[in-house]
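Using the numbering used here, the first residue of the sequence shown is number 735, and each one after it goes up by one.
Yeah, the Cβ is synthetic: ideal placement off N, Cα and C, and Gly gets one too.
Please read all numbers here as calculations on a predicted model, not as lab measurements.
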Amino acid sequence: MVLPTVLVLGVLVLYPLFQGIYQSFTDLNETNNRDLICTQTLGGGEDCVPNPDRAQFVGLDNYVDLLTGERGHFWLLLVNTVVWTGACVFFHYTIGLGLAVLLNRTFRGRSLYRVLLIVPWAVPAFVSAFAWKFLFNPRFGLINSLLSNVGIDPVDWFNHRWTSMFAAIVTNVWLGVPFMMVAILGGLQSIPADLYEAAEMDGATPWQRFRHVTLPGLRPVSSTVILLGTIWTFNMFPIIFFVTGGEPAGETEILVTGAFRAAFEGLRNYSLAATYGVLILSMLVVYAAMYRRVLRSKGEVW
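Right, dumping it as structure tokens:
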């Protein structure tokens, strides 16, 4: 039973991973990615000769060029990625927590509200991205229409870096809150009711019960969903790509969209895209290790 798992893991994960790491140490692009150059002969066959310009091993050149700004805008993309990830995960968790607390109470129509609040999660990301891009349209969008109705001048959302990033963050928060809400709601329902009853008998206020019973009870769930949310948002390609398109002038690109553009736009630089990928993976591995260490230092097993 172990061998098939190892084979699948090797084919789907390990081989692409090590291939990508190797390519980051080469100058591989669309002009030198073939070992042979073949041409059609008059007889209908092919005449192949070695490619004199095939990809070469260049060591750490790609990493040096990327980190020093010789190619790409790594540090701008990194700042954007950190801001994007931090803002999205913060609002995912806080809004998801608030909705979960509300939906954990007994009231009429609770099941209907639970279903309705999960709908954004069920919609494909690219569909939501196009819908929100239209809502933020400077000329025809609903959001600018609402602003005009209350006496606020329309905003050219995608003409400024931070308003463009704001539009992307709003879109991703709308998409990501349902997952957090469902996960936290499950955690709330696992907290024994006896703890709340005991706290209430001791005279604890609702805020004290929330702070000293709810939040500690949610800690295992919270630590997991925050880690997963950070990794998913860090790599969330479609929202930035479809909502802002990097506008204005690439100022809202994040690392994963930078890797995509390196690989598929202009002179396709596969080695630079692989370098982006290795750096992204390295940062997430370091983050996960530090996150786990912090949790263990607080006595949590994870």
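Residue of L751, A917, R848 and V740 minimising C-alpha distance to T1009: As a first step, residue 1009 must be located in the sequence shown, where it is residue number 275. For T1009, the nearest C-alpha among the options comes from L751.
Pair within 8 Å by beta-carbon distance, A834 and L922: Locating residue 834 in the sequence shown gives position 100, counting from the first residue. Locating residue 922 in the sequence shown gives position 188, counting from the first residue. The answer is yes: Cβ separation under 8 Å.
Contact set for R844: own chain, Cβ-Cβ below 8 Å, skip 5 residues either direction: Here residue 844 is taken as the residue at index 110 of the sequence shown, counted from 1. Same-chain partners within the cutoff: L837.
Buried or exposed by the 16-neighbour rule on C-beta atoms within 10 Å, applied to G937: To locate residue 937, count along the sequence shown from 1; it is residue 203. With fewer than 16 other Cβ atoms within 10 Å, it is exposed.
Buried/exposed call for Y1004, threshold 16 Cβ in 10 Å: Working through the sequence shown from its first residue, we reach residue 1004 at position 270. By the neighbour-count rule (16 or more Cβ atoms within 10 Å), Y1004 is buried.
E780 - DSSP class collapsed to helix/strand/coil: Mapped onto the sequence shown, residue 780 falls at position 46. Strand, per DSSP.
V911 vs H807 beta-carbon contact at 8 Å: Here residue 911 is taken as the residue at index 177 of the sequence shown, counted from 1. Here residue 807 is taken as the residue at index 73 of the sequence shown, counted from 1. Not in contact: V911 and H807 (Cβ atoms no closer than 8 Å).
Contact check, S758 vs V1012, beta carbons under 8 Å: Here the question's residue 758 lines up with position 24 in the sequence shown. Here the question's residue 1012 lines up with position 278 in the sequence shown. Yes; because the gap between Cβ atoms is below 8 Å, this pair is in contact.
C-beta atoms of T978 and T986 nearer than 8 Å: By 1-based counting over the sequence shown, the position of residue 978 is 244. By 1-based counting over the sequence shown, the position of residue 986 is 252. Yes, they are a contact pair.
Euclidean distance between Cα positions of A1026 and G820: Reading the sequence shown from its first residue, position 292 is the one you call residue 1026. Reading the sequence shown from its first residue, position 86 is the one you call residue 820. First, the amino acid is wrong: residue 1026 is Arg here, not Ala. So the alpha carbons of these two residues sit roughly 18 Å apart.
Counted within 10 angstroms of its Cβ, other Cβ atoms place N796 as buried (16 or more) or exposed: Position 62 of the sequence shown, counted from the first residue, corresponds to residue 796. Burial call: buried.
Straight-line gap, N767 to A993 (C-alpha atoms, nearest Å): Taking the sequence shown and counting its residues from 1, one reaches residue 767 at position 33. Taking the sequence shown and counting its residues from 1, one reaches residue 993 at position 259. Cα to Cα, N767 sits roughly 18 Å from A993.
Beta-carbon proximity check, D761 vs T773, cutoff 8 Å: Here residue 761 refers to the residue found at position 27 of the sequence shown. Here residue 773 refers to the residue found at position 39 of the sequence shown. The answer is no: Cβ separation not under 8 Å.
Residue of V813, P784, L746 and Y756 minimising C-alpha distance to I988: Stepping through the sequence shown from its first residue, residue 988 is reached at position 254. Closest by alpha carbon: V813.
Rounded distance between the beta-carbons of V907 and I829, thought under 8 Å: Within the sequence shown, residue 829 is the residue found at index 95, counting from 1. Within the sequence shown, residue 907 is the residue found at index 173, counting from 1. Going by Cβ atoms, the distance from I829 to V907 rounds to 7 Å, so yes, they are a contact pair.
Reference T958; option with closest CA among A1022, N893 and V861: Taking the sequence shown and counting its residues from 1, one reaches residue 958 at position 224. Comparing Cα-Cα distances from T958 to each of A1022, N893 and V861, the minimum goes to A1022.
For F791: DSSP bridge partner residues: Locating residue 791 in the sequence shown gives position 57, where the first residue counts as 1. DSSP lists T760 as partners of F791.
Inter-residue CB distance, I974 and A902 (contact presumed, cutoff 8 Å): Residue 974 sits at position 240 when you count from the first residue of the sequence shown. Residue 902 sits at position 168 when you count from the first residue of the sequence shown. With 8 Å as the limit, I974 and A902 qualify as a contact, their Cβ atoms being about 6 Å apart.
I918 to R953 span [Cα, whole Å]: Against the sequence shown, residue 918 aligns to sequence position 184. Against the sequence shown, residue 953 aligns to sequence position 219. Their Cα atoms are separated by approximately 10 Å.
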